[in-house]
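Please read the structure below before turning to the comments.
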Amino acid sequence: MRVLLVEDDPTLRAQLGASLREAGYAVDEADNGRDALHHGQTEALDAVVLDLGLPLLDGLSVLRRWREGGHTVPVLILTARDTWHEKVSGIDAGADDYLTKPFHMEELLARVRALIRRAQGLASPLLQCGALALDTRSSRVTLGGQPVNLTSHEFRLLAYLMHRPGSVVSRSELTEHLYAQDFDRDSNTIEVFVARLRRKLPPETIETVRGMGYRLVPVP
Amino acid sequence: MAPARAVEDPRRGALARWLSSLRLRLLAATLVALVVALLLAGGLLAGLFRDHVMRQFEATLTAQLDQLTARLEFDASGQPLLDAGTLTDPRWSRPFSGLYWQIDSGAAPRRAVLRSRSLWDSTLLAPDDILADGAVHAHEIAGPDGASMLLMERTIRRDDPAATPWRLLVAADLRETGAAAARFNGMLAASLAALLLLLCIAAVAQVAVGLAPLRTLQRALAAVREGRSARLEGRFPVEVQALTEDFNAVLERNAEVVARARTQAGNLAHAIKTPLAAMAQAAASALQRPATAAELAPLVHEQVEVARRHVDWHLARSRAAASLGLPGARTPVAPVIAGLLRVLERVHVGRSLALLCEPVDPAATFAGEAQDLQEMLGNLLDNACKWARREVHVSAMLFTDASGRRLRLCVDDDGPGIEVSRRDSVTTRGARLDESVPGSGLGLAIVSDLVGLYGGSLSLGVAPAGGLSAELILPAPAGQVDPAAPKARV
C-alpha cells in the first residue's frame, strides 16, 4: 500500500514516515502544499496523511483541488487546532477522517488502515480469502488458523492482493502501489515475491491471469 | 494599460477625496439646489413680468383703437373722415414715432384710406382677416422700419350691415416692451445673484456649525488612539452622543477582552510550566542516572497528555471568554447540527451507527458564536457516538422561561450511560482535569465551562434508550419567535 505523507515539520515527518514504513507502507513524502497537490494528482496512492498547516498552499486547498479534480484517494487530515469548526471544515472539504496533534502513532496507523480498508469496501479489519486470513491490526497472516511467516515484502504483496479480493491486479499496479516513488522499480521483483508467496501458501492461491496480472483465489 | 491607469488614478483619487468629504458633499448639494431654485424662480418672474407688460401694452393700444373709433366720422358719400388734431398723443403726428393708425377699406380691393402722419408715406400691412363688427384682433407685424410691431384692428360699418366695412388699425413698436423686460431681467438677475451669494454664505456657515461636533469627535478619537484618553470625552449633540456612548461601550469591552486574554494566557503558561518542569526534572535525572532512562518515555508521554489537556481546556475557555457578550451574535442551530453530523457520520462510518436528528425549527437560534455552539454540541455528540451501541438522537427546540428565550439541545445515546455518582464529577468545574477519563471527561468539562460562561446549564440524565442523555440549555436571541407559544394557545 502506498501512502503520501504531507507534513512540513521535518522531525514529525521523519517519525511519521518511519512508523508508516515499519507498518508495511510504501511512503512518499511532501513538505509543502504545492508538491503535495502535484503528487496526489499524478501518482497512484492508497491513502494520504495530510497536515493542514502547510507552506505554499494550505492543506484544505490541496484537498479541495484533489476532490474537484475527481481524485477519491482516502485522506486523513492532521490538525493542530482541536476545534469542531476545523473538523467540520476539513470533512466538508473532502477529508475522510481527522486526527488532532499531538496524537498516538498507533491511533494514526489504525486510522490509516481503516481508511484503506473502507476505500475497498471492506468493513472488517480481518481480511479473509478462503482459509487464508490477514489481520490488518496485528499484521498477522494465518492459513487454516495456523500462522504463516512472511517477510515484510511478502506481507505487503499479499496485503495488497487481499484488499482486492477477486480482482485481477496487474504487475505494474503492484509495482506502483508497493514501492515509493524514489524506489528503483523492477517488475521482476514482483515475480520473485509472488513465487516466494506461492511456496509458503497453497500454490493455487495466487492465480496468474495471462497477460493481465494476478488474482487471489479462495482456497479451502 | 499601466500608463493609462497612472493617468486615471490621480483623477479618481481627487474624485474619491471630494466624494468622501462630508463638508464638500453638503456644500455641493446645497449649491446645486440653490442654483436650480433661483434659476426656476428667475425664469418664472421674468415670464410673469413679460406677460404683464404685454397685457398693459395691448390694453393701451386697445384704448388708442377705441379713441380712433370714437373720432371717426363719415362724409356724405360714406367715406371716413378723421380730424387728426383730435387725437391727443403727439406720437401720431411725429414721423416713424412707433405709434401708428390706419383706416383700410374692408371691401375689395383693400387699400389704406386714411393713416396717421407718423406713417409718413408707408402703410401698415395687416394680414387678411375677417372680423365680426366690433371685435378686436391682435397681430404681430413688421413695421415701417422693419421692427416688430403689435397691431390691433377692428372692423366697423357706418349704419346697416350691408354698408361698406372699414378696418381700423392701430400699431405700436414692440421694442418698448422688450426694453422694459430687459431692464427688469437685469435687475432680477442682479437681485438673484446677490441672494445666491447670501444663501451660499449661510450654507457654509450652517455646514461649519453642523459639522463642528464631528471635529470635536475626531479630536477625542485621536486622544484615544494616542493613549491620552481611555474613552471619548466631551459633550456632543444628542445625535452624536448615542454614537460616542456605543463607541465607549466597545472600548470598554475591548479592554475587558484584553484583560481576560492576558489572564487566560497567564493561566495557560502556568498550567504548561508544570508538566514542562516535570519533564525537565526527569530528563535531568535520566542524564545523571542512565539507569532511570527507561522511565523517561512513559513520563514524557503522560506529561504531554496533561499539557495537551490544559491547552485544549484553556483554548476553549479563552475563546468563549473572548466571544462572550459580543453584541448581536446569533447562530442558527440547524446548519451547526448538520455540519457536526457530517463529521461524525464520516468518522464513525465503519460502526453502522444511526445519527438521528429530529427536525430542527428553522427559527431556532443560539445567542452566541457559531464556534462555541459547535464546540459544546460537537463534544456532546462525539461523546455520545463513542459510547452509543446503535443510535444517537439529537434535538433542538425553543422555549421561554423566567429569564427569557432559551434554546434546549438534547443529545441521547443508547450506550452504558454514566452512574449517578459520577455525573457530578464530570460536570463540576475544578478537579475534572485530573479525574477525567481519556477521550471523554475533557469534552464534557469543556462543554460545562462554555455553558457556564453563557449562563446556560448542562444536565446529564438517563436517555429513553437507557444511555446518557445530555441536555443543554442556552440563551436564544430576544425577540425570537417561540413556536411553542401559538401551539399552546391552540
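As you go down the protein sequences, you meet chains V and S in turn. For the first sequence, position 109 matches number 109 in the numbering used here, and the numbering has no gaps at all. For the second sequence, position 283 matches number 283 in the numbering used here, and the numbering has no gaps at all. Just so it is clear, CB atoms sit at the ideal spot from N, CA and C, and this is done for glycine as well.
Rounded to whole angstroms, the gap between the alpha carbons of V:L63 and V:V73 is 10 Å.
By the rule that beta-carbons nearer than 8 Å mark a contact, S:Q374 touches chain V. For the 8 Å CB-CB criterion, S:Q241 and S:S318 do not form a contact.
A contact is defined here as three or more CB-CB pairs under 8 Å, and the stretch 29–45 of chain V fails this definition with respect to the stretch 274–292 of chain S.
Nearest neighbour of S:R231 by Cα position, chosen from S:E239, S:L221 and S:V238, turns out to be S:L221.
With its beta carbon at least 8 Å from every one in chain V, S:D413 lies outside the interface. Secondary structure of S:I141 (DSSP, three-state): strand. By the Cβ neighbour-count rule, V:M212 is exposed, with fewer than 16 other Cβ atoms within 10 Å of its own. With respect to chain V, the C-beta atom of S:L299 has no partner C-beta closer than 8 Å.
The beta-carbon of V:A47 is placed no less than 8 Å from the nearest beta-carbon of chain S. Under the Cβ distance rule, V:P74 does not count among the residues neighbouring chain S, no pair being separated by less than 8 Å. DSSP links V:L99 through a beta bridge to V:L78. Interface criterion met: the Cβ of V:A123 is under 8 Å from a Cβ in chain S.
Just measuring C-alpha positions, the residue of S:W120, S:T177 and S:R157 sitting nearest S:T69 is S:R157. The residues D8, in chain order, have a CB closer than 6 Å to that of V:D31 in the same chain once the five nearest residues on each side in sequence are set aside. In the DSSP secondary-structure assignment, V:V168 is bridged to V:R215. Among the residues facing chain V, S:L340 is included, as its CB has a counterpart in that chain under 8 Å away. By the 16-neighbour rule on beta-carbons within 10 angstroms, S:V238 is exposed. Within chain V, the C-beta atoms nearer than 8 Å to that of S:D312 come from D82, in chain order.
Proximity of V:V3 to chain S, defined by a Cβ-Cβ separation below 8 Å, is not satisfied. Taking 8 Å as the threshold, the shortest C-beta distance from V:R67 to chain S does not fall below it.
Around the beta carbon of V:E86, 16 or more other beta carbons sit within 10 angstroms, so the residue counts as buried. Per DSSP, S:I337 is not a residue of any beta strand (DSSP E); the alpha helix (DSSP H) it occupies stretches across V333 to V347.
Here S:E140 has S148, M149, L150, L151 and L174 as same chain residues with Cβ atoms under 8 Å from its own Cβ, once five neighbours each way along the sequence are excluded.
Separation of S:V250 and S:G234 (C-alpha to C-alpha, rounded to the nearest whole angstrom) is 17 Å.
Residues L56 and L57 of the same chain have their beta carbon placed closer than 7 Å to that of V:R34, with the five preceding and five following residues left out of the count. For V:Q128, the enclosing beta strand (DSSP E) stretches over residues L126 to C129. Rounded to whole angstroms, the gap between the alpha carbons of S:R309 and S:H270 is 13 Å. For the stretch 374–397 of chain S, the residues whose beta carbon sits under 7 Å from a beta carbon of chain V are, in order, Q374, E375 and G378. Within the same chain, P275, A278 and M279 come within 7 Å of S:Q303 by CB-CB distance, once the 5 residues on both sides are set aside. Contacts between S:V304 and chain V, judged by CB atoms closer than 7 Å, involve P102 in chain order. If you draw a straight line from the Cα of S:R346 to the Cα of V:A93, it is about 12 Å long. Of S:R23, S:D412 and S:L460, the smallest CA-CA separation from S:L214 is found for S:R23. Shown here for S:Q374: same chain residues with a beta carbon closer than 8 Å to its own, the five before and five after excluded, namely V336, G339 and L340 in chain order. Per the Cβ contact rule, the stretch 177–187 of chain S is in contact with the stretch 43–54 of chain S (3 or more Cβ pairs under 8 Å). A residue is called buried once 16 or more other Cβ atoms fall within 10 Å of its Cβ, and S:A470 is buried on that count.
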